[in-house]
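2 protein chains.
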Amino acid sequence: MVKVTPADNNALPEERQQRILSRLRSDGRVVAAELALAFEVSEDSIRRDLRELAAQGLCKRVYGGALLPAVTLTPLKQRRTEHSARKEALARKAVSLVQAGQTLLIDAGTTNAAIAAALPREAGLTVITNAPHIAQLLLDREGFEVLLIGGRIDTAIGGTVGAQAVEQVRRVRADLCFPGACAIDAAHGLWGFDSEEALFKRAMIEASDETVVVATDDKLGAVAAHQVSELSRVQHLVVEHSADRAARTAFTSRGVAVHRAEATAG
Amino acid sequence: MVKVTPADNNALPEERQQRILSRLRSDGRVVAAELALAFEVSEDSIRRDLRELAAQGLCKRVYGGALLPAVTLTPLKQRRTEHSARKEALARKAVSLVQAGQTLLIDAGTTNAAIAAALPREAGLTVITNAPHIAQLLLDREGFEVLLIGGRIDTAIGGTVGAQAVEQVRRVRADLCFPGACAIDAAHGLWGFDSEEALFKRAMIEASDETVVVATDDKLGAVAAHQVSELSRVQHLVVEHSADRAARTAFTSRGVAVHRAEATAG
DNA sequence: CTCGTTGTTGCATGTTGTTGCACGTTTCAA
DNA sequence: TTGAAACGTGCAACAACATGCAACAACGAG
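So the sequences go chain by chain: A and B.
Under this note's numbering, the first residue of the first sequence carries the number 1, and numbering increases by one thereafter.
Under this note's numbering, the first residue of the second sequence carries the number 1, and numbering increases by one thereafter.
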């Protein structure tokens with residue numbers, strides 16, 4: 001059985017590659033011959049597409065078609081070591097929104113790990129997180145009440161997502177939540193790369209009184225595949241010092257309090 | 001009964017190998033003739049697949065099909081770790097009880113962290129743990145399926161205990177469990193220092209087919225405040241090389257398989 | 001409008017990977 | 001010991017592949 005989207009037959013080359021990727025992500029595999037039939041191009045062109053996608057690490061070519069790339073696409077450990085000054089500046093500004101005695105819901109992610117590391121000790125904070133790395137970090141520093149969200153860990157995310165995690169988040173209540181931002185756009189709100197991830201972030205936001213989105217420049221105005229929530233559920237946005245002025249006012253005019261991090265030394 | 005995924009019949013060659021591996025991991029064994037039928041290829045092709053998988057150490061070929069490979073101990077790499085040589089020796093012996101494809105329930109604790117660090121990669125192991133430190137350790141090494149037990153983290157224990165954690169453990173099933181031992185006594189069984197901790201360990205044992213207690217010398221024959229379980233629920237006991245002979249036979253005579261770690265170099 | 005450039009496409013070429021079969025060998029159980 | 005089933009190997013047929021090339025459309029500069 002071969003799915004044929006109405007417009008598959010006359011797609012632009014780049015558009016065709018996107019559609020191939022989309023099929024790959026939903027089915028886990030694509031067959032060159034089937035794609036050639038669906039897009040009405042020769043298998044040679046399909047092979048060229050797959051070659052390019054593979055060069056970008058977006059698929060793994062195999063005899064007859066392509067599969068999803070091996071899960072080891074995750075240099076998570078490596079990413080974590082990037083203690084960039086920019087993320088620390090963002091984290092310092094984000095932490096200024098936290099008040100003593102509050103309960104925080106902190107998502108997985110390197111930016112959020114920086115925030116957790118910047119939290120004040122001895123402020124009687126309770127932190128709920130789905131990331132073992134963040135939990136560990138806070139345990140080492142002592143002085144925090146830490147609650148762990150259980151479930152299956154997604155290695156690409158570095159934390160738990162999925163039904164079990166969502167169910168647990170629904171049973172807690174937080175003052176502030178820090179959903180990791182994959183993309184945020186003034187018109188369409190907050191976005192995630194992965195479906196499960198987006199559902200989890202949404203649950204986080206619904207379990208919190210206020211939401212703080214901390215976004216590096218590359219995430220501003222971007223849009224990803226799965227919507228997490230409307231912008232109206234976001235009360236605070238923390239951006240880098242270098243963030244575009246127009247982008248900042250776009251959020252401010254929609255009722256989001258925009259906080260600008262200090263300029264970094266470097 | 002032979003499971004047949006809808007698309008098994010026309011899988012790409014490499015995809016077919018992945019599916020074979022997947023079957024192997026879930027069933028523990030595969031039969032060449034069945035695979036040939038399911039994938040609609042000749043047994044020759046299946047044999048070629050199994051040969052390749054075996055060459056990568058991902059399966060063990062036997063007459064008629066293939067089995068999961070025997071667990072190969074991780075080469076003793078002299079990495080700088082906080083674990084003492086004694087704990088590493090204990091961990092190596094404990095890991096030898098693990099078979100490829102199994103699901104393990106691992107409690108918090110430094111000894112258990114050493115065990116987690118000694119687990120073989122690429123053996124298709126699923127690890128369920130209540131300790132963020134252990135989860136983090138396995139995520140960094142990659143190649144493991146990790147499930148996190150959520151709940152409030154007890155800072156003294158370094159992992160989650162309490163009602164929520166117990167509830168989650170009740171919903172999983174493991175082949176082997178490693179409850180951290182506070183004290184173990186031939187007459188009275190396994191003991192914990194803390195009430196909540198003991199309840200959690202009991203839940204772990206009840207969720208597992210077999211229980212392995214790994215005990216340093218100081219814990220042998222000791223008794224603590226809260227009983228975790230009778231000795232009858234413990235199938236394996238791993239002790240140090242230096243463990244008292246009388247203490248060892250006391251456990252052996254009660255039906256517990258006692259495994260003695262190698263003598264440490266230092 | 002014309003021309004050159006660029007990018008895409010399909011085709012022809014030779015190469016590589018995969019498959020099933022034949023044949024001789026090994027394994028296992030009766 | 002014997003026979004059937006499973007196995008390894010070599011081989012030929014075939015499908016998928018990479019590469020080079022020419023045709024063609026889209027596009028911008030002159």
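Glycine residues also receive a C-beta, built at the ideal position from the N, C-alpha and C atoms.
Every value quoted in this text rests on a predicted model; they were computed, and no experiment measured them.
Measuring straight from C-alpha to C-alpha, what distance separates A:Leu68 and B:Arg171? 31 Å
Once the 5 residues before and after A:Gly28 are set aside, which same chain residues still bring their CB inside 6 Å of it? Leu68
Just the C-alpha distance for A:Ala207 and A:Leu105, rounded to the nearest angstrom, thanks. Distance between the alpha carbons of A:Ala207 and A:Leu105 is about 9 Å.
Comparing the C-beta of B:Arg80 with each C-beta of chain A, is any distance below 8 Å? Note that B:Arg80 scores 40 on pLDDT, short of 50, meaning its location in the model is unreliable; the coordinates nonetheless yield the value given after this. False, the Cβ-Cβ gap to chain A never drops below 8 Å.
The ligand FAD heavy atoms versus the CB of A:Val212: any closer than 7 Å? For the ligand FAD, the structure offers nothing, since it holds no ligand at all.
If I follow the unbroken beta strand (DSSP E) through B:Leu237, where does it start and stop? 236 to 239
Could you name the residues of the region 99 to 117 of chain B whose beta carbon sits closer than 8 Å to any beta carbon of chain A, in the order they occur along the chain? none
Under 8 Å Cβ to Cβ from A:Gln235, same chain only, skipping five residues before and after it: list those, please. Glu210, Thr211, Val212, Val256, Ala257
Taking B:Ala100 as the reference, give the member of B:Thr129, B:Thr110, B:Ala135, B:Glu145 with the closest Cα. When only C-alpha atoms are compared, the closest one is B:Glu145.
Neighbourhood of B:Lys77 by C-beta distance below 6 Å, restricted to the same chain and skipping five residues each side: A caution first: B:Lys77 carries a pLDDT of 40, below 50, which makes its placement in the model too unreliable to give a value.
Below 8 Å on C-beta distance, what does B:Thr155 contact in chain A? Leu139, Glu142, Val146
B:Gly158 to A:Arg233, Cα distance in whole Å? The alpha-carbon of B:Gly158 is positioned some 34 Å away from that of A:Arg233.
Would you tell me roughly how many angstroms separate the C-alpha atoms of A:Arg47 and B:Phe200, rounded to the nearest one? 54 Å
Within this structure, are the beta carbons of A:Glu43 and A:Ala36 separated by less than 8 Å? yes
From the DSSP output, in three-state form, read off A:Thr264 for me. A:Thr264 carries a coil assignment under DSSP once its states are collapsed to helix, strand and coil.
Mind checking whether B:Val166 and B:Ala203 have CB atoms under 8 Å apart? yes
Spatial neighbours of B:Ala243 within its chain, please: CB distance less than 7 Å, with the 5 preceding and 5 following residues excluded, ordered by chain position. Asp217, Leu220, Arg260
Can you look up A:Glu145 in the DSSP assignment and give me helix, strand or coil? Residue state, collapsed to three classes: strand.
Taking DSSP as the reference, what is the three-state secondary structure of B:Asp194? coil
With a threshold of 8 Å between beta carbons, is A:Gly65 in contact with chain B? yes
Coarse secondary structure for A:Gln56, derived from DSSP in three states: Note: A:Gln56 maps to coil in three-state DSSP.
Which residues in chain B have a C-beta closer than 8 Å to the C-beta of A:Gln168? List them in chain order. Gly150, Gln164
What do you reckon, are the CB atoms on B:Leu97 and B:Ala116 nearer than 8 Å? no
Let me know if A:Thr111 comes out buried or exposed under the rule of 16 or more other beta-carbons within 10 Å of its beta-carbon. buried
Which two residues bound the contiguous beta strand (DSSP E) that contains A:Ala215? 208 to 215
Given that B:Gly158 touches chain A, what residues does it touch there, using C-beta distances under 8 Å? Leu139
In chain order, what residues of the same chain have a beta carbon less than 7 Å from the beta carbon of A:His162, not counting five sequence neighbours either side? Residue identity differs from the one stated: residue 162 of chain A is Gly in this sequence, not His. Gly151, Arg152, Glu196, listed in sequence order.
Buried versus exposed, by CB contacts within 10 Å (16 or more), A:Asp107: buried
Rounded straight-line distance, which links the Cα of B:Gly143 to that of B:Arg16: 20 Å
Step through the CB atoms of chain B and report whether any lies within less than 8 Å of the CB of A:Val239. No Cβ of chain B is located within less than 8 Å of the beta carbon of A:Val239.
How far does the alpha helix (DSSP H) with A:Ile106 in it extend, from its first residue to its last? It is not in any alpha helix (DSSP H) - A:Ile106 instead sits in the beta strand (DSSP E) that spans 103 to 106.
Thinking just about the alpha-carbon of each residue, which of B:Arg173, B:Ala38, B:Thr155 is nearest to the one in B:Asp194? B:Thr155
Return the bridge partner residues of B:Ile153 from the DSSP annotation. B:Thr160
Whole-angstrom Cβ separation of A:Trp191 and A:His226, contact assumed at under 8 Å? 7 Å
Using a threshold of 8 Å, state whether the C-beta atoms of A:Arg92 and A:Thr264 are closer than that. Taking 8 Å as the cut-off, the beta carbon of A:Arg92 is found no closer than this to the beta carbon of A:Thr264.
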